[in-house]
Amino acid sequence: MDYSFIDHQVIARLGAIPIEARQPMLGNASGRHRSPLRGSSVEFAEYRKYVQGDDTRRLDWKAYARSDRYYIKEFEADTNLRAYMMLDTSGSMEFSFESEPKIEFARKLASTIAYLTVDQGDAAGLSLVNEKTHLEMPPRRKASHLQNMFKNLNEVQPKGETGLVQGMHDIAEKIGSRAMIVVISDFFCDLEELKEALQHLHHKKHDVTLFHLMDPQEIDFEFQRPHRFVDMEDNTSVVAEPSLIADDYREAVTQFLSDIKSTAFDSAAAYRLIKTDENYEDVLSEFLLDRLPKGGKQ
Amino acid sequence: MSFLNQSILWALFAAAIPIIVHLLNRRRHRTVKWAAMSFLLKATRESRGKKKLKHILILAARTLAIATLIFAVAQPLIGGLLGWGGTKLDTVVLVLDRSLSMEMETGTEGLSKRAQAIKQVQQTLNEMGNPNLILVDSATGSVSEVNPVSLLSQISITAATDTRSNIPNLIDKAASYIQSSSTSGQTEIWVASDLQASDWQANSSRWETIRTRLDNLTLRPKLRILALTESQSDNTSISIKDIKRRDNLVILDFEITRTDDSTESLINVSFNLNGKNTLNKEYTVSGQSIILQEAITLPQDIINGHGYLTLSPDGNNRDNTAFFAYGEATPAHAIIVSDNSVDTAYLKKAAALPGFKHQSAEVIQPHQITNSLLTKASLLVWQAPIPDETKSEIITNFIEQGGSAVFYPSQTDSANQLLGVNWGEIQEAPSGQYFIISDWNLNDGPQRNYSNGESVPMDSLRTIKRRAIRGDITPLADWDDSSTMLGRIIHGKGSAIFLGTLPDLRWSDLEIGTISVPITQNLLNTGNKRFGSAFFLETGRHTSIADKEADIEVVSDNSSVNAKFDNSSSKSSPLYLAGVKRINERVIATNRPQQEDNWGKLDKPELDSILAGTNYQLFENAGDDESSITQQIWQIFLIATLVFLIIEAILCLNKKSTRAKKRDLAAETASASAF
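Residue numbers (the numbering used here), protein chains in the order written: chain A, 2 to 299; chain B, 672 to 1346.
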């Protein structure tokens, strides 16, 4: 089944760039990503002194013969990547002014990353959160799983207030540690609470990336005449004269963007502000390239 | 303020457009579903107050800009006779003060106040589309229509005069005209005057009549006072106070008055006698005014003649000349009528001073009084009971023709009255006490001050007996209990004086002479003025020559003695001009009324008081150039429009903070749009 948010040409172009983890991952299968565990792969890691309890099969007898000391020879362990797409599906994500809705942009980002992840043999999972519902699909490597993800992405309708912070805490607890978590949201939530959730994920050693979706009009606020603004999450409304409040609005947005960027930095999360009039392929390309090891390892 | 293009004022509704647009915009707001509500609410909270005020100021600036632009296009006229709320007029009744004081120079063009007022009225009426103009001028007192308005400056009834004005009388005439005329529509009374207090007569009872009359008019007319109070330069005037003939001398008492009394100055006076300059003399003047005396020796065999005194040109040239005429010296004869109850020697001595050859007096009994006896008398001294009707008629005829009469109390009673006055009861002062004179008129009456300013010592009189004066009489001196000691009744050209005590030591020490002599001599001189061939008269229609206007031949006047004078095309009747005139072989010198030398102005509170309740408006210092004011007002409105537009632009643009905030936002957005 074809979905509007899946563009195979974009996937084909982006497929040339592997999705790399920025830190060792803990997977459930062998893969191309480094693991924090030392294993029995072919790539030598280091020597260390034997301590009681070590597996004697991993003793390096040649080193013992040379130095008359017991050394354990360690090798890098490779594992697979578990990428977790976390979408905010609160009412505000449906906002669009003259560009496409934020939820549509989020679908494209999540589905493409999931596709590329599974395509390179890693596992992709999905979490859709709002105030009341929390749909969760654990990471799987199967193509059929990918289809289910797309189906859920296609069917989800943004509504209600955000449940992003609680969703992040839940994920942090459920999926163990060392997974790649991509959060796609407009982050219209309490920044202190968001900070705590990010710290929670960081504590679990997850590789977190925040995609911050904003409509250009939400940033620039270029209205000319009085408008009645209706909250998309709780339907409260306010009538305002844009010419009177534009400056203060922009100042508040500037402060918000600055604060959320600082919050991400403090929690070692990657952060990217995305205006919904941008090309999502460029955003993803930038995302993938940024994750490549700086030493040039493929 | 009024407008040349009044119809354009309808466009003032356009001033409401910014407000209407604002209100419509508020009502026609679009509904938008919005996600970033927290920022919106925060911005809305912070934008209250200062921003709202700014928005109101912007709206106000836009509204005012449109309003002032429309006012400018409507060409407002202000500073003249028109004011705020000026509407189209059908008739203007112009009361024009043509008194001498209106000839003071004013404004930058050196015009007289009268000429400036006429020019201003003409200009204003032209701008108003030439409504009907009815002129009430102060000199003739007539009501006449002026059509077209351009004639106003050319007709003789607006020309300069040397007269005084009776402003309440003129306004009353204007109100009467409106009351009696069949004119419909908006009518206004405009009064062009310098607000000279003596002309406005704030104490006149006529103001009450005027207020009532104006109040009773169906359409209450607006009263606009065009006050030309400011003068361009200082003024000095000269006037003759008295002239006496002594053999071959003419003795002139003259007064010099000036507006600038701050410094001492030398005033040059030229004396002209029978057309020849006989004397030029400088006098030092230190105060505001000074009374001087000069005796001019007449050539041999000159019996009658005339002349004038002139000053150098100044702010008002019309009061720089004082004319006089003289004739043969006339003996002053007094008739003393006594019932022999007191010694008449003192009365006789006071009326015919020893050494004064031209003065004589005779004493007669009351029954001897006849018309023929009084024909050549200047003064009648009556110390007897009030006579019967026949004798009273002889006395009143004498007074009517200009004679002076003084009545002393009689010891006996009489029920008769003379001119409505008779004697009351005789009163004696308590033992050891006197009746004292506490208050007397220093400027008017026979007890007035001497010409050198010294006063008659009325308060030195010690009286032990007095007689009350009964009847309607003008008091000139009062006892300390406020009853009348000396009163006067003016009848015809002369006057009757009633004096409440006798020059008898049983009554008072009046016989000492310090009081009775000046009083008697003043009355004698006044009565003597009715004789002779030379006269002094005031200019104006109230004088005795008013009915002989056609017979007046001008011997000399201001225009003939002063080359700088009277260049206007029109000229007033000789009746209203100072000069020397010949009427049926009589030579008369006419001069401006004395009131015109009182330069005091009516102030605003006084004007408010006399015009209380009327719909009046005062335009002070209206002598300025009206046309230039109109121009400036038009420009001011245009400038105001520009100012309001600039204010609106500054408030609207105010880009500095907006740009800074956008710049901050762009920088923040850019830095957040990369990993």
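For glycine and all other residues, C-beta sits at the position ideal for the given N, C-alpha and C.
Cα-Cα separation, Phe742 (chain B) to Leu680 (chain B) | Near 7 Å, if we compare the C-alpha coordinates of Leu680 (chain B) and Phe742 (chain B).
Reduced DSSP category for Ser1043 (chain B) - H, G, I as helix; E, B as strand; rest coil = In this structure, Ser1043 (chain B) counts as helix in the three-state DSSP scheme.
Ala1148 (chain B) beta carbon near the ligand PLP (any heavy atom closer than 6 Å) = For the ligand PLP, the structure offers nothing, since it holds no ligand at all.
At a CB-CB cut-off below 7 Å, which residues of chain A make contact with Ala706 (chain B)?
-> Neighbours of Ala706 (chain B) on chain A, chain order: Ser93, Phe96, Asp187, Phe189, Glu219 and Met233.
Below-7 Å beta-carbon distance, Leu293 (chain A) vs any chain B residue = No, Leu293 (chain A) does not count as interfacial toward chain B.
Should Thr1214 (chain B) and Ser1075 (chain B) be called a contact, given that it needs their Cβ atoms to be closer than 7 Å?
-> Going by C-beta atoms, Thr1214 (chain B) is not nearer than 7 Å to Ser1075 (chain B).
When the Cα atoms are used, what is the spatial distance from Ala1086 (chain B) to Ile1057 (chain B)?
-> Between Ala1086 (chain B) and Ile1057 (chain B), the C-alpha separation is close to 8 Å.
For the stretch 1334-1346 of chain B, which residues have a CB atom closer than 8 Å to at least one CB atom of chain A, in sequence order?
-> Here the close residues are Asp1335, Leu1336, Glu1339, Thr1340, Ser1342, Ala1343, Ser1344, Ala1345 and Phe1346.
Own chain partners of Trp1305 (chain B) with C-beta closer than 7 Å, once the 5 adjacent residues on each side are dropped = Cβ within range, chain order: Ala743, Gln746 and Pro747.
With DSSP collapsed to three states, give me the class of Glu279 (chain A).
-> It is coil, neither helix nor strand.
Of the residues B:Tyr1121, B:Thr715, B:Ile1035 and B:Ser1102, which one's Cα is nearest the Cα of Arg229 (chain A)?
-> Of B:Tyr1121, B:Thr715, B:Ile1035 and B:Ser1102, the residue nearest in Cα terms is B:Thr715.
Are any of the Cβ atoms in chain B nearer than 7 Å to that of Ser259 (chain A)?
-> True, the Cβ-Cβ gap to chain B drops below 7 Å.
Sort out for me which residues DSSP pairs Trp1111 (chain B) with in a bridge.
-> DSSP, once it has assigned bridges, lists B:Ala1148 as partnering Trp1111 (chain B).
Assuming Ile860 (chain B) and Pro892 (chain B) make a contact with CB atoms under 8 Å, what is their CB distance in whole Å?
-> So it is a contact: roughly 5 Å between Cβ atoms.
According to a CB-to-CB cut-off of less than 8 Å, which residues of the stretch 676-692 of chain B neighbour chain A?
-> Taking 8 Å as the Cβ-Cβ cut-off against chain A, none of the residues of the stretch 676-692 of chain B qualify.
Got a sec? Which residues, its chain only, sit under 6 Å from Pro102 (chain A) by beta carbon, not counting five neighbours each side?
-> Excluding positions up to five away in sequence, the list reads Glu95.
Listed from N- to C-terminal order along the chain, which residues in the stretch 244-258 of chain A have their beta-carbon within a distance smaller than 9 Å of any beta-carbon of chain B?
-> Of all residues in the stretch 244-258 of chain A, only Ser244, Leu245, Ile246, Ala247, Asp248, Asp249, Tyr250, Arg251, Glu252, Ala253, Val254, Thr255, Gln256, Phe257 and Leu258 come within less than 9 Å of chain B when Cβ atoms are compared, listed by chain position.
Contact list for Tyr281 (chain A) against chain B, beta-carbon separation under 9 Å = What Tyr281 (chain A) touches in chain B: nothing, since even the nearest Cβ is about 13 Å away.
Would you grab the beta carbon distance between Gly1095 (chain B) and Ile1140 (chain B) for me? Rounded to a whole angstrom, and I think it's under 8 Å.
-> Sure, about 7 Å apart at Cβ, within 8 Å.
Can you find a CB in chain A that lies within less than 7 Å of the CB of Ala714 (chain B)?
-> With its beta carbon less than 7 Å from one in chain A, Ala714 (chain B) belongs to the interface.
Counting pairs of Cβ atoms below 8 Å between the stretch 970-978 of chain B and the stretch 1013-1033 of chain B, do you hit three or more?
-> Flag = no, the stretch 970-978 of chain B and the stretch 1013-1033 of chain B do not touch.
Answer yes or no: does any C-beta atom of chain B fall closer than 7 Å to that of Pro227 (chain A)?
-> Among the residues facing chain B, Pro227 (chain A) is included, as its CB has a counterpart in that chain under 7 Å away.
Any C-beta of chain B under 7 Å from that of Val209 (chain A) = Taking CB atoms only, Val209 (chain A) has no neighbour in chain B less than 7 Å away.
Can you give me the Cβ contacts of Leu888 (chain B) inside the same chain, cut-off strictly under 8 Å, excluding the 5 residues immediately before and after it?
-> Take Leu888 (chain B), set aside five residues on each side of it, and the residues of its chain with a beta-carbon closer than 8 Å to its own are Ala846, Ile849 and Gln850, in chain order.
For Gln1302 (chain B), collect the residues of the same chain with a Cβ closer than 6 Å to its Cβ; drop the 5 residues on either side in sequence, then sort them by chain order.
-> Reliability fails at Gln1302 (chain B), whose pLDDT of 46 lies under 50, so the model's placement of it is uncertain and the value that follows must be treated cautiously. Its chain contains no residue whose beta carbon lies nearer than 6 Å to that of Gln1302 (chain B) once the 5 sequence neighbours on both sides are disregarded.
Just the Cα atoms here: how many angstroms apart are Gln1036 (chain B) and Thr1046 (chain B)?
-> Going from the Cα of Gln1036 (chain B) to the Cα of Thr1046 (chain B) covers about 17 Å.
Helix, strand or coil for Glu1267 (chain B) per DSSP?
-> Helix.
Can you find at least 3 beta carbon pairs, one from the stretch 720-731 of chain B and one from the stretch 254-262 of chain A, that sit closer than 8 Å?
-> Judged by pairs of C-beta atoms under 8 Å, the stretch 720-731 of chain B does not touch the stretch 254-262 of chain A, as fewer than three such pairs exist.
Residues bridged to Gly1250 (chain B) by DSSP?
-> In DSSP, Gly1250 (chain B) forms a bridge with B:Asp1228 and B:Thr1261.
CB Leu923 (chain B) to CB Ile914 (chain B), shorter than 7 Å?
-> When the beta-carbon positions are compared, Leu923 (chain B) and Ile914 (chain B) come within less than 7 Å of each other.
Hey, quick one: how far does the alpha helix (DSSP H) through Ala788 (chain B) stretch, first residue to last?
-> Counting along the chain, the alpha helix (DSSP H) containing Ala788 (chain B) begins and ends at Lys784 to Glu798.
Just how far apart, CA to CA, sit Ser876 (chain B) and Asn837 (chain B)?
-> Approximately 13 Å between the Cα atoms of the pair.
Is the stretch 1100-1115 of chain B close to the stretch 1143-1160 of chain B, with three or more CB pairs under 8 Å?
-> The stretch 1100-1115 of chain B is in contact with the stretch 1143-1160 of chain B.
Is any beta-carbon of chain B found at less than 7 Å from that of Leu129 (chain A)?
-> Put simply, the CB of Leu129 (chain A) is far from chain B, with every gap to its CB atoms at 7 Å or more.
For Arg273 (chain A), return the contacting residues in chain B, with the cut-off set at a CB-CB distance below 8 Å.
-> Those within 8 Å of Arg273 (chain A) in chain B are Ala1343, Ser1344, Ala1345 and Phe1346.
Distance between Tyr72 (chain A) and Ser5 (chain A) (C-alpha atoms, nearest Å) | Rounded to the nearest angstrom, the two C-alpha atoms are 57 Å apart.
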